[in-house]
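Novice:
4 protein chains.
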Amino acid sequence: MPNIPEGATVAMIEHRVPFFETDAMRIVHHANYIRWFELARIEWLDRYDEPYKDIYERDIHYATTHVHAEYAASARFDDVVQIHTWLEWVRGASLCMAYSIDRGDDHLVSGWTEHAAVTGDGRVRRIGKENRERMKKHALATPSIAPQR
Amino acid sequence: MPNIPEGATVAMIEHRVPFFETDAMRIVHHANYIRWFELARIEWLDRYDEPYKDIYERDIHYATTHVHAEYAASARFDDVVQIHTWLEWVRGASLCMAYSIDRGDDHLVSGWTEHAAVTGDGRVRRIGKENRERMKKHALATPSIAPQR
Amino acid sequence: MPNIPEGATVAMIEHRVPFFETDAMRIVHHANYIRWFELARIEWLDRYDEPYKDIYERDIHYATTHVHAEYAASARFDDVVQIHTWLEWVRGASLCMAYSIDRGDDHLVSGWTEHAAVTGDGRVRRIGKENRERMKKHALATPSIAPQR
Amino acid sequence: MPNIPEGATVAMIEHRVPFFETDAMRIVHHANYIRWFELARIEWLDRYDEPYKDIYERDIHYATTHVHAEYAASARFDDVVQIHTWLEWVRGASLCMAYSIDRGDDHLVSGWTEHAAVTGDGRVRRIGKENRERMKKHALATPSIAPQR
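Residue numbers (my numbering), protein chains in the order written: chain A, 1 to 149; chain B, 1001 to 1149; chain C, 2001 to 2149; chain D, 3001 to 3149.
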């Protein structure tokens, strides 16, 4: 079953596994799930904060500072997987998303990522107050699988 | 400086950053460092245990079960980076490698990965005694950045 | 406008450009469009011949023998693109698909790929008669952008 | 044998095939060879024209406008391949490179790519006269496998 904490504000996208994401073990290469996290994260921002494209066009980027993933089972070519994501916490200049990747009732991968808000030249910047307030409403009261900072 | 614990048996490979590993932030996309871990891991096995190609041809695979990465700074197009790796621990059917990715004296990324020995059809299998004994000599006495299991 | 010949039996998929497909020119890296061809090709087979997953599970693969792509304009992060594909021709053990990648009315990329039917160990095999007959009905009378063989 | 025309000024790089470049056919996915072309192209520019990093830092890019590849045989995990490249022709604002990818005496892939010199915002720009003159000395008298323009 998906590994989603109670109270989470979840965005989900479905993804059909392309052949080019498989490797010679005939499963999806483990680095691709890290990319899938990104697909869902952008969907979450679109729905609950602000389209990431708009943030990006103001030259603000949520640069990835931590990645953690635990693999329980593997996706294979042509599987349809669900990538769930929610906000664990948001702070002045950083945020943490967590993920559950599933193939129906089969849980495949859990993970979390942390991000720092930076400008295009890499300097840390506070997340805009409006964005932060909007996100805070959707954060978990207590982080589920990510460390508190 | 590279983030390497004392006493580690380290393999290192150099990698020149190709254009196709960059993203629209003009830095290397964070998922690519997870792939770089793999490059170094295979080099380590070649040097200190047994060429992974030989293991693979016996239909044994070190399937990735955990990935953890912390990003301190970014690599850019055409940078030459050093990917260091060492064995944190080895058990009956699993092992844990850790990594320091650096650009000379600039430390970029630290991380660790855990792997389960599996057959091509995904069943867990003990690591061959010879391989395990050989690896054990190179494991750290106490894990440095990875959790003990 | 999409670059699609009259009489083509077209499958189309939409694709939203993920951040990880961009490069430091802030456009989609040119090798990714070759991957997108594959996404559409598999959709075409599903709709007009037989799900590629079923073919794959019989250990038959349409190994790529030629790739050709012409780039007129670039996709960018978060664009929604349409990948159109159709069958140019099919022969005893090979087939040729062509592609038009578009962002609405903006034509981005045209191309074609040829494939040989092979078994998992790389030996060429005739395409099953049933599959070949089914595909033939959807082939162009005269190839549009690919060379006749 | 490598498929290199007489008189070509060739740059070559060796590449050891990482696991993550393989696919579920247990061979290198065909789109990766297009990326390998880029690795060799950058090496060629470094050696015979000007480091591409320097060109890139002046905000000039050789955007890819055509890709063509013909696959004769496949590379597999841990193979060491040689990627040869040379200049077919150079014109005012474009250039054409060709490639032979080989595993020792086994020829794997032939191909060519065309590129337009553009600024970061995508406008075509003449290649600097100095660069063009320098490259011209290394161009083939008559293109070998690429079309003349």
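Backbone N, C-alpha and C define an ideal beta-carbon position, used for all residues, glycine too.
Do you know offhand how far residue 1072(B)'s Cα is from residue 3018(D)'s?
Specialist: The count along the second sequence starts at 1 and reaches residue 1072(B) at position 72. The count along the fourth sequence starts at 1 and reaches residue 3018(D) at position 18. Going by the C-alpha atoms only, they are around 25 Å apart.
Novice: Under 8 Å Cβ-Cβ, which residues of chain A neighbour residue 2042(C)?
Specialist: Residue 2042(C) sits at position 42 when you count from the first residue of the third sequence. Under the 8 Å cutoff, chain A gives 18, 19, 78.
Novice: Out of 5(A), 95(A), 118(A), 109(A), state which residue places its alpha-carbon closest to the alpha-carbon of residue 57(A).
Specialist: The residue given as residue 57(A) occupies position 57 in the first sequence. When only C-alpha atoms are compared, the closest one is 118(A).
Novice: Return the residue from the list 2103(C), 2111(C), 2099(C) that minimises the CA-CA distance to residue 2043(C).
Specialist: Taking the third sequence and counting its residues from 1, the one referred to as residue 2043(C) is at position 43. Residue 2099(C) is the option with its Cα nearest to residue 2043(C).
Novice: Does the pairing of the region 1086-1095 of chain B with the region 1141-1149 of chain B give three or more beta-carbon distances under 8 Å?
Specialist: Verdict: yes, contact present.
Novice: Per DSSP, what are the beta-bridge partners of residue 1103(B) in this structure?
Specialist: Locating residue 1103(B) in the second sequence gives position 103, where the first residue counts as 1. Answer is 1106(B).
Novice: Counting only Cβ pairs nearer than 7 Å, list the residues of chain D close to residue 59(A).
Specialist: As a working mapping, residue 59(A) is identified with position 59 in the first sequence. Those do not exist, as residue 59(A) stays about 14 Å from chain D at its closest Cβ, beyond 7 Å.
Novice: Any idea which residues DSSP pairs residue 2111(C) with across the strands?
Specialist: By one-based count along the third sequence, residue 2111(C) stands at place 111. Answer is 2069(C), 2099(C).
Novice: When we look at the beta-carbon of residue 3001(D) and count the other beta-carbons within 10 Å, is it buried (16 or more) or exposed?
Specialist: Position 1 of the fourth sequence, counting from 1, holds the residue named residue 3001(D). Classification for residue 3001(D): exposed.
Novice: Looking only at DSSP bridge pairs, what is residue 2148(C) linked to?
Specialist: On the third sequence, position 148 is the one that residue 2148(C) refers to. For residue 2148(C), which the question treats as bridged, DSSP gives no partner whatsoever.
Novice: Mind reading off the beta-carbon distance from residue 3079(D) to residue 3103(D)? Whole number of angstroms is fine, and I expect it under 8 Å.
Specialist: For the purposes of this step, residue 3079(D) is identified with residue 79 of the fourth sequence, where counting begins at 1. For the purposes of this step, residue 3103(D) is identified with residue 103 of the fourth sequence, where counting begins at 1. With a Cβ gap of about 5 Å, residue 3079(D) and residue 3103(D) count as contacting.
Novice: How about residue 2127(C) and residue 2036(C): are their beta carbons less than 8 Å apart?
Specialist: Locating residue 2127(C) in the third sequence gives position 127, where the first residue counts as 1. Locating residue 2036(C) in the third sequence gives position 36, where the first residue counts as 1. For residue 2127(C) and residue 2036(C), no; Cβs fall outside 8 Å.
Novice: Between which two residues does the alpha helix (DSSP H) containing residue 2997(D) stretch?
Specialist: This structure does not reach residue 2997(D), given that chain D is present from 3001 up to 3149, and the question cannot be answered.
Novice: Nearest chain B C-beta to residue 3136(D) closer than 8 Å, yes or no?
Specialist: On the fourth sequence, residue 3136(D) is found 136 positions in, with the first residue counted as 1. With 8 Å as the cut-off, residue 3136(D) does not count as an interface residue toward chain B.
Novice: Measure from the alpha carbon of residue 3030(D) to the alpha carbon of each residue in 139(A), 46(A), 20(A), 107(A), then state which is nearest.
Specialist: Residue 3030(D) sits at position 30 when you count from the first residue of the fourth sequence. Selected option, being the one with the closest Cα: 20(A).
Novice: Since residue 26(A) is in the beta strand (DSSP E), which residue starts that stretch and which ends it?
Specialist: In the first sequence, the residue the question calls residue 26(A) occupies position 26. Careful: residue 26(A) lies outside any beta strand (DSSP E) and carries neither H nor E.
Novice: What residues in its chain sit with their C-beta under 7 Å from that of residue 3068(D), if we drop five residues either side in the sequence?
Specialist: As a first step, residue 3068(D) is located in the fourth sequence; it is residue number 68 there, counting from the start. Closer than 7 Å at Cβ, skipping near neighbours: 3111, 3112.
Novice: What does the alpha-carbon distance come out to for the pair residue 51(A) and residue 2096(C)?
Specialist: Counting from one through the first sequence, the residue named residue 51(A) turns up at place 51. Counting from one through the third sequence, the residue named residue 2096(C) turns up at place 96. Near 39 Å, if we compare the C-alpha coordinates of residue 2096(C) and residue 51(A).
Novice: Please state if the CB of residue 1108(B) and the CB of residue 1074(B) are separated by a distance shorter than 8 Å.
Specialist: Walking along the second sequence from the start, residue 1074(B) turns up at place 74. Walking along the second sequence from the start, residue 1108(B) turns up at place 108. Yes; because the gap between Cβ atoms is below 8 Å, this pair is in contact.
Novice: Under 8 Å Cβ-Cβ, which residues of chain B neighbour residue 3039(D)?
Specialist: Residue mapping note: residue 3039(D) aligns to position 39 of the fourth sequence, counting from 1. Here the neighbours are 1018.
Novice: May I ask you to list the residues that DSSP assigns as paired with residue 1119(B)?
Specialist: The residue you call residue 1119(B) lines up with position 119 of the second sequence. Note: residue 1119(B) sits in a beta bridge opposite 1060(B).
Novice: From what residue to what residue does the beta strand (DSSP E) around residue 1012(B) run?
Specialist: As a working note, residue 1012(B) is residue 12 in the second sequence. Element bounds for residue 1012(B): 1011-1016.
Novice: Taking its Cβ as the centre, do 16 or more other Cβ atoms sit within 10 Å of residue 1028(B), making it buried, or is it exposed?
Specialist: Within the second sequence, the letter at position 28 stands for residue 1028(B). Under this definition residue 1028(B) is a buried residue.
Novice: For a contact meaning CB atoms closer than 8 Å, what does residue 2022(C) contact in chain B?
Specialist: Walking along the third sequence from the start, residue 2022(C) turns up at place 22. Here the neighbours are 1023, 1024.
Novice: Considering Cα atoms alone, identify which of 92(A), 45(A), 83(A) is closest to residue 116(A).
Specialist: Reading the first sequence from its first residue, position 116 is the one you call residue 116(A). It is 92(A) whose Cα lies nearest to the Cα of residue 116(A).
Novice: Helix, strand or coil: how does DSSP classify residue 3055(D) here?
Specialist: As a working mapping, residue 3055(D) is identified with position 55 in the fourth sequence. It is helical.
Novice: Would a check of beta-carbon distances place residue 3056(D) closer than 8 Å to chain B?
Specialist: Here the question's residue 3056(D) lines up with position 56 in the fourth sequence. At least one chain B Cβ lies under 8 Å of residue 3056(D).
Novice: Kindly indicate if chain C contains any beta-carbon less than 8 Å away from that of residue 123(A).
Specialist: As a working note, residue 123(A) is residue 123 in the first sequence. Chain C contact via Cβ: absent.
Novice: Helix, strand or coil: how does DSSP classify residue 3088(D) here?
Specialist: Along the fourth sequence, one-based indexing puts residue 3088(D) at 88. Strand at residue 3088(D).
Novice: In terms of residues, what are the limits of the alpha helix (DSSP H) holding residue 1133(B)?
Specialist: What you label residue 1133(B) is simply residue 133 of the second sequence in a count that begins at 1. Per DSSP, residue 1133(B) belongs to the alpha helix (DSSP H) from 1129-1136.
Novice: Taking its Cβ as the centre, do 16 or more other Cβ atoms sit within 10 Å of residue 3081(D), making it buried, or is it exposed?
Specialist: What you label residue 3081(D) is simply residue 81 of the fourth sequence in a count that begins at 1. Residue 3081(D) should be labelled buried.
Novice: From the beta carbon of residue 2092(C), is the nearest beta carbon of chain D less than 8 Å away?
Specialist: Numbered from its first residue, the third sequence carries residue 2092(C) at position 92. It does not; no Cβ of chain D falls within 8 Å.
Novice: Can you list, in chain order, the residues of its chain whose CB lies under 7 Å from that of residue 1015(B), leaving out five sequence neighbours each side?
Specialist: As a working mapping, residue 1015(B) is identified with position 15 in the second sequence. Within the same chain, residue 1015(B) has close Cβ partners 1036, 1039, 1081, 1083.
Novice: Output needed for residue 66(A): all residues of its chain with C-beta closer than 7 Å, excluding positions within five of it in sequence on either side, in chain order.
Specialist: Taking the first sequence and counting its residues from 1, one reaches residue 66(A) at position 66. Correct list, in chain order: 113, 114.
Novice: Under 8 Å between beta-carbons, which chain A residues line up against residue 2035(C)? List them in chain order, please.
Specialist: On the third sequence, residue 2035(C) is found 35 positions in, with the first residue counted as 1. What residue 2035(C) touches in chain A: 18, 20.
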